[in-house]
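First up is the structure itself, then whatever we jot down about it.
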Amino acid sequence: MNIKPIKTEEDNRAALARIAEIFDAEPNTPEGDELDVLATLVEAFEEAHYPIAPPDPIEAIKFRMEQQGLEDRVLVPFLGQRSCVTEILSRIEPSKTFIYLNDSQANNAHAQE
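FYI, the numbering for the sequence shown is 1 to 113, going by UniProt numbering.
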């Protein structure tokens, strides 16, 4: 096993090619160990060179709801009113009523602690 640091795209492609060759290696064997090390190196290289931005919160909520077949109304217990849910999911500035309700709910929650 002759493993070198991954410094360039070419190094990364070579490491990925080798990973493909030994992908089914048994754990705790020389090839299995090589696979573990190469995968760790590739992961570090790709995290440094191809960072993935965190998802937009509203898009993440919409995506999860779509995955589970949920409708907007399931958010009403958490946000207080159907209009607030619509405003938030449509990226419209929430109404003052919504802000007041959430502040009141937060204050009540702190008072109960």
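Positions of the beta carbon are idealized from the N, C-alpha and C atoms, including for glycine.
For V74, there is no enclosing alpha helix (DSSP H), as DSSP gives it neither H nor E. Across the set P27, C84, H49, the C-alpha of C84 shows the shortest separation from the C-alpha of R73. Following the DSSP letters along the chain, one finds L38 inside the alpha helix (DSSP H) bounded by residues 30 to 49. Taking 8 Å as the cut-off, the Cβ atoms of V42 and A15 count as close. Straight-line spacing of the CA atoms in L89 and P54 works out to 18 Å. With a cut-off of 8 Å on Cβ pairs, the stretch 75 to 83 is not in contact with the stretch 29 to 47, counting fewer than three such pairs. Look at the beta carbons and you see the stretch 7 to 22 touching the stretch 30 to 39: at least three pairs across the two are nearer than 8 Å.
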